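2 protein chains.
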Amino acid sequence: MTREVVLSARPQGVPQEGDFEVRETDERDLADGEVLVRNVFVSVDPYMRGRMTGVRTYVAPYEVGGPIDGGAVGRVVASKHESVAEGDWVLSQLGWCEAGVAEGKRLRRLDPALAAPSTALGALGMPGFTAWIGLTEIADVKEGETLYVSGAAGAVGSAAVQIAKLKGLHVIGSAGSDEKVEWLRSLGVEAFNYRETRAKDALADGIDVYFDNVGGDQLEAAFAALRPFGRVAACGAISRYNDQQPEPGPRNMAFIVGKRLRVQGFIVSDHFARFDDFLREVGPWVAEGKLECRETMLEGIENVPTAFAGLFRGDNTGKMLVRVGPDEPSGV
Amino acid sequence: MTREVVLSARPQGVPQEGDFEVRETDERDLADGEVLVRNVFVSVDPYMRGRMTGVRTYVAPYEVGGPIDGGAVGRVVASKHESVAEGDWVLSQLGWCEAGVAEGKRLRRLDPALAAPSTALGALGMPGFTAWIGLTEIADVKEGETLYVSGAAGAVGSAAVQIAKLKGLHVIGSAGSDEKVEWLRSLGVEAFNYRETRAKDALADGIDVYFDNVGGDQLEAAFAALRPFGRVAACGAISRYNDQQPEPGPRNMAFIVGKRLRVQGFIVSDHFARFDDFLREVGPWVAEGKLECRETMLEGIENVPTAFAGLFRGDNTGKMLVRVGPDEPSGV
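Chains as they are written, first to last, in my numbering: chain U, 1 to 332; chain Y, 333 to 664.
Written out as structure tokens, the structure reads:
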């Protein structure tokens with residue numbers, strides 16, 4: 001018997017722990033090609049908020065009373081698929097559960113000698129890949145340019161600022177606490193606390209590229225600060241995900257024409273053909289310790305909703321994860 | 333003695349005829365390389381509004397009490413430059429005057445056998461080139477796509493809709509009067525009057541590309557209607573040029589991420605290297621009558637301010653021009 005978290009109600013506004021409940025699940029036999037995985041790390045990610053509204057966007061919504069799939073890293077307990085074996089570390093989309101059955105072909109095997117397995121949910125996983133795609137494919141950053149990243153201490157943001165530093169950019173980042181700002185400064189980022197300093201002031205010397213994780217006021221400040229031919233990689237807008245009424249956009253949209261800005265939205269899943277290129281460039285940086293993989297870790301499946309809700313309170317520094325089991329393999 | 337129009341006060345909000353005055357100017361002798369041009373057609377263009385505010389943007393502001401340079405087509409009265417001769421039709425930047433002295437190297441000679449000289453201010457000039465750059469370089473339109481053009485009966489818009497039709501797109505266009513809508517329909521455009529029909533309804537079947545001349549509500553409607561991977565060529569925002577307070581942007585900016593939109597502003601003067609490519613493609617369409625060059629023509633230098641103010645009232649169908657002299661050459 002294992003446990004999973006299900007959606008018990010569609011969140012209104014900011015997600016509450018009460019919008020979820022823990023449920024026991026039964027084991028079942030494996031069919032050919034299937035694999036039983038015991039999760040070690042469960043990921044909570046801001047994009048999951050959109051899937052809870054019940055509106056079909058670029059990814060199917062979660063159903064009330066149903067499970068919440070998403071990124072998870074675990075170990076194989078039993079396998080009926082040729083390319084994974086008992087004991088393997090694997091990345092799955094099993095989501096918010098202690099264990100589950102996955103199709104073997106949908107698992108990515110992880111080599112714990114190359115990088116800590118949990119990084120497959122962070123700097124070497126979807127968030128890191130998102131950062132890399134946004135900087136390279138979308139914003140086309142160049143050495144010597146000035147980049148501004150909002151939500152810079154988050155999973156995507158902290159990968160973006162570090163990748164950009166390694167590519168020779170000058171990087172400005174914002175975050176919501178002094179501790180986060182201090183960490184960002186230790187990474188060589190010109191960081192500021194957006195609760196104390198207005199982005200407008202922090203960006204007064206101008207920027208070439210804005211990596212937008214936040215939307216709202218930060219986007220307006222970036223439009224004002226962008227130099228001619230500036231680019232915006234529009235990754236997300238966490239400040240808006242819980243809006244119950246749509247908020248107006250920036251008052252300075254005219255800069256898009258006047259400064260010939262390019263504002264481009266992207267969803268990382270459109271770019272998976274480039275995942276190996278990403279790993280080839282960023283993998284060594286992680287292995288060599290040039291890219292720091294900070295994590296905020298909670299414990300226990302029952303705390304996944306708290307971890308998720310915490311994303312919108314800014315509880316995490318780096319990647320938010322929940323440990324739902326020990327590293328060492330054992331029966332489910 | 334000839335006359336010119338000068339800026340007598342910086343317009344507050346919508347430009348008024350009283351913001352300008354007509355002044356007499358003296359002749360002067362030509363220096364080497366200079367040319368005396370008698371204007372036949374003077375152009376009024378929406379972008380000139382921005383130059384009247386006194387704020388330096390991508391082009392120098394007009395000064396109070398000073399002349400208003402801009403596109404004009406005229407005939408050479410006297411030349412001290414080897415490549416233009418008396419009687420030649422030329423495009424200049426002499427602007428709102430009956431005659432003036434220009435550097436010969438800054439003039440473009442026009443061949444009246446190829447196209448009516450006034451088209452050098454419209455479909456074969458800056459507005460037409462703006463339309464072509466927006467469609468090709470910025471929005472990268474493809475045969476079979478659906479394009480929406482706001483301000484579709486204006487100088488840029490009417491070129492954009494026709495070029496797009498000739499390139500095999502399905503074209504929707506909006507304008508502010510039934511007469512304009514009728515004209516657009518005669519061009520094969522699915523046209524609607526935005527004062528009577530909401531863009532949201534007119535675009536309900538979805539669009540791939542939006543050519544934005546207007547900004548404001550139309551941009552919000554376009555964000556809602558754009559299909560995944562849609563593009564916006566942000567050319568201008570005539571609905572906002574006279575704002576005294578900045579207005580908020582679209583309430584649905586989240587679509588930029590969710591639908592992976594690309595919103596790109598552009599200024600045609602960045603693209604002059606491609607002007608010959610433009611003329612090679614669009615010139616024959618004008619010569620063969622496949623692209624209709626509709627003009628709204630006022631008469632007399634004293635009516636240039638009225639023509640200009642009329643742009644913001646939607647007085648023009650096609651290119652707004654003022655005839656300030658006869659076609660045939662004569663002394664100034």
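Quick reminder that beta carbons are idealized off the backbone N, C-alpha and C, glycines included.
Nothing here was measured: the structure is a model prediction, and the numbers come from that model.
From arginine 592 of chain Y to lysine 499 of chain Y, what distance separates their C-alpha atoms? Indexing the second sequence from 1 puts residue 592 of chain Y at position 260. Indexing the second sequence from 1 puts residue 499 of chain Y at position 167. Between arginine 592 of chain Y and lysine 499 of chain Y, the C-alpha separation is close to 24 Å.
Residues that DSSP places opposite phenylalanine 41 of chain U in a beta bridge: Along the first sequence, read from residue 1 onward, the residue named residue 41 of chain U stands at position 41. U:Val73 and U:Arg323, per the DSSP bridge assignment.
* Does valine 664 of chain Y get closer than 8 Å to chain U when you measure Cβ to Cβ? -> Counted from its first residue, the second sequence places residue 664 of chain Y at position 332. Low per-residue confidence applies at valine 664 of chain Y: pLDDT is 47, beneath 50, and the placement is therefore not dependable, though the value from the model is reported in the following sentence. Chain U contact via Cβ: absent.
- Look at the Cβ atom of valine 268 of chain U, then the Cβ atom of methionine 48 of chain U, and state whether they are nearer than 8 Å. Walking along the first sequence from the start, residue 268 of chain U turns up at place 268. Walking along the first sequence from the start, residue 48 of chain U turns up at place 48. Cβ distance not < 8 Å, so valine 268 of chain U and methionine 48 of chain U don't count as in contact.
Neighbourhood of arginine 342 of chain Y by C-beta distance below 7 Å, restricted to the same chain and skipping five residues each side = Here residue 342 of chain Y refers to the residue found at position 10 when the second sequence is read from its first residue. If we look at arginine 342 of chain Y and ignore the five residues flanking it on each side, its Cβ neighbours are Met384, Thr385, Gly386 and Val396.
- Query: Taking Cβ positions only, does alanine 222 of chain U come closer than 8 Å to chain Y?
  - Reply: Looking up residue 222 of chain U in the first sequence gives position 222. For alanine 222 of chain U, the closest Cβ of chain Y is not nearer than 8 Å.
>> Could you tell me the alpha carbon to alpha carbon distance between aspartate 277 of chain U and phenylalanine 129 of chain U, rounded to whole angstroms?
In response: Position 277 of the first sequence holds residue 277 of chain U. Position 129 of the first sequence holds residue 129 of chain U. In this structure, the alpha-carbon of aspartate 277 of chain U lies about 10 Å from that of phenylalanine 129 of chain U.
Checklist line | Same chain, Cβ closer than 8 Å to valine 664 of chain Y, neighbours up to 5 away in sequence not counted | finding: The count along the second sequence starts at 1 and reaches residue 664 of chain Y at position 332. Because valine 664 of chain Y sits at a pLDDT of 47, beneath the cut-off of 50, its placement in the model cannot be relied upon, and the following sentence gives the value as read from the coordinates. Correct list, in chain order: Thr334, Glu359, Leu368, Arg370, Val409, Glu430 and Ala431.
Assess contact between the segment 283-298 of chain U and the segment 109-119 of chain U, defined as three or more Cβ pairs (one per stretch) separated by less than 8 Å. Is contact present?
Touching, per the Cβ criterion.
Q | Within-8 Å CB hit, isoleucine 267 of chain U to chain Y | A | Your numbering for residue 267 of chain U matches position 267 in the first sequence. Isoleucine 267 of chain U counts as touching chain Y.
Query raised in the report: In or out: lysine 180 of chain U buried (at least 16 other Cβ within 10 Å) or exposed?
Result: Sequence index remark: in the first sequence, residue 180 of chain U carries index 180 (1-based). Lysine 180 of chain U is buried by the Cβ-count criterion.
task: Starting from the Cα of valine 5 of chain U, find the closest Cα among U:Gly318, U:Gly314 and U:Glu302 and give me that residue.
output: Position 5 of the first sequence, counted from the first residue, corresponds to residue 5 of chain U. Comparing Cα positions, the closest option is U:Glu302.
| glutamine 264 of chain U touches chain Y at which residues, Cβ-Cβ below 9 Å? | Translated into positions along the first sequence, residue 264 of chain U becomes position 264. Chain order gives the chain Y residues near glutamine 264 of chain U as Ile588, Arg592, Leu593, Arg594, Val595 and Gln596, where near means a beta carbon separation below 9 Å.
Which partner residues does threonine 334 of chain Y have in the DSSP bridge list? Mapped onto the second sequence, residue 334 of chain Y falls at position 2. Residue pairing for threonine 334 of chain Y: DSSP places it in a beta bridge opposite Y:Thr357.
- [ ] Could you run through the segment 5-31 of chain U and flag, in chain order, every residue whose CB is less than 7 Å away from some CB of chain Y?
- [x] Answer in chain order: no residues at all.
Less than 8 Å between CB atoms is the rule here; does cysteine 567 of chain Y satisfy it with respect to chain U?
For this step, residue 567 of chain Y is matched to residue 235 along the second sequence. Cβ-Cβ to chain U under 8 Å: yes for cysteine 567 of chain Y.
*Which whole-angstrom value describes the C-beta separation of valine 422 of chain Y and glycine 406 of chain Y, a residue pair presumed to lie in contact below a C-beta threshold of 8 Å?*
By 1-based counting over the second sequence, the position of residue 422 of chain Y is 90. By 1-based counting over the second sequence, the position of residue 406 of chain Y is 74. The Cβ separation is near 6 Å, so the contact holds.
Item to complete: State the DSSP-derived secondary structure class of alanine 566 of chain Y, mapped to helix, strand or coil.
Response: By 1-based counting over the second sequence, the position of residue 566 of chain Y is 234. Alanine 566 of chain Y: strand per DSSP, three-state reduction.
For valine 40 of chain U and serine 92 of chain U, what's the separation of their Cα atoms in angstroms?
Residue numbering aside, residue 40 of chain U sits at position 40 when the first sequence is read from its first letter. Residue numbering aside, residue 92 of chain U sits at position 92 when the first sequence is read from its first letter. Straight across, the Cα-Cα distance linking valine 40 of chain U with serine 92 of chain U is about 11 Å.
Host alpha helix (DSSP H) of isoleucine 539 of chain Y (start-end): Indexing the second sequence from 1 puts residue 539 of chain Y at position 207. Element bounds for isoleucine 539 of chain Y: not the alpha helix (DSSP H) but the beta strand (DSSP E), 539-544.
- Item | isoleucine 256 of chain U, enclosing beta strand (DSSP E) - first and last residue | Walking along the first sequence from the start, residue 256 of chain U turns up at place 256. Where isoleucine 256 of chain U is concerned, there is no enclosing beta strand (DSSP E), although the alpha helix (DSSP H) it sits in stretches over 254-258.
| Helix, strand or coil at valine 664 of chain Y according to DSSP, with G and I counted as helix | Here residue 664 of chain Y is taken as the residue at index 332 of the second sequence, counted from 1. Legend: pLDDT at valine 664 of chain Y = 47, less than 50; position of this residue unreliable, value from coordinates given subsequently. Valine 664 of chain Y falls in the coil class under three-state DSSP.
Original post:
Which of helix, strand or coil does DSSP assign to phenylalanine 312 of chain U?
Top reply: As a position in the first sequence, residue 312 of chain U is number 312, starting the count at 1. DSSP, read as helix, strand or coil, puts phenylalanine 312 of chain U in coil.
Mind checking methionine 585 of chain Y: buried by the 16 CB within 10 Å criterion, or exposed? Sequence index remark: in the second sequence, residue 585 of chain Y carries index 253 (1-based). With 16 or more Cβ atoms within 10 Å of its Cβ, methionine 585 of chain Y is classed as buried.
Should proline 582 of chain Y be flagged as near chain U, meaning a C-beta pair shorter than 8 Å? Residue numbering aside, residue 582 of chain Y sits at position 250 when the second sequence is read from its first letter. Put simply, the CB of proline 582 of chain Y is near chain U, with a gap under 8 Å to one of its CB atoms.
Assign alanine 566 of chain Y to one of two classes, buried (16 or more other C-beta atoms within 10 Å of its C-beta) or exposed (fewer than that).
Taking the second sequence and counting its residues from 1, one reaches residue 566 of chain Y at position 234. Buried: at least 16 other Cβ atoms inside 10 Å.
Contacting residues, own chain, Cβ-Cβ under 7 Å from arginine 547 of chain Y (five flanking each side not counted):
As a working mapping, residue 547 of chain Y is identified with position 215 in the second sequence. In the sequence under discussion, the amino acid at residue 547 of chain Y is glycine, which differs from the arginine named in the question. Around glycine 547 of chain Y: Ala569, Ser571 and Arg572.
Checklist line | Three-state secondary structure (DSSP) of asparagine 242 of chain U | finding: Position 242 of the first sequence, counted from the first residue, corresponds to residue 242 of chain U. Assigned with DSSP and collapsed to three states, asparagine 242 of chain U falls in coil, not helix or strand.
| Is the segment 483-501 of chain Y in contact with the segment 516-527 of chain Y, if contact means three or more CB pairs nearer than 8 Å? | The segment 483-501 of chain Y is in contact with the segment 516-527 of chain Y.
| query | Mind pulling the chain Y residues with CB within less than 7 Å of arginine 240 of chain U? | reply | What you label residue 240 of chain U is simply residue 240 of the first sequence in a count that begins at 1. Contact annotation for arginine 240 of chain U against chain Y: Ala586 [CB-CB distance below 7 Å, chain order].
Tell me the DSSP secondary structure of histidine 81 of chain U in three-state form. Indexing the first sequence from 1 puts residue 81 of chain U at position 81. Judged by DSSP in its simplified three-state form, histidine 81 of chain U adopts coil rather than helix or strand.
- Message: Suppose contacts are defined by Cβ-Cβ distances below 8 Å. Is glutamine 348 of chain Y in contact with glutamine 576 of chain Y by that definition?
- Response: Mapped onto the second sequence, residue 348 of chain Y falls at position 16. Mapped onto the second sequence, residue 576 of chain Y falls at position 244. No Cβ-Cβ contact shorter than 8 Å links glutamine 348 of chain Y with glutamine 576 of chain Y.
Practice problem: Assign valine 503 of chain Y to one of two classes, buried (16 or more other C-beta atoms within 10 Å of its C-beta) or exposed (fewer than that). | Solution: Taking the second sequence and counting its residues from 1, one reaches residue 503 of chain Y at position 171. Burial is judged here by how many other beta carbons sit within 10 angstroms of a residue's own beta carbon; valine 503 of chain Y has at least 16 and is buried.
Next on the checklist: Quick check on glycine 144 of chain U: does DSSP put it in helix, strand or coil?
Outcome noted: As a first step, residue 144 of chain U is located in the first sequence; it is residue number 144 there, counting from the start. Secondary structure of glycine 144 of chain U (DSSP, three-state): coil.
message: Quick check on DSSP: helix, strand or coil for phenylalanine 598 of chain Y?
response: Here residue 598 of chain Y refers to the residue found at position 266 of the second sequence. Three-state result, phenylalanine 598 of chain Y: coil.
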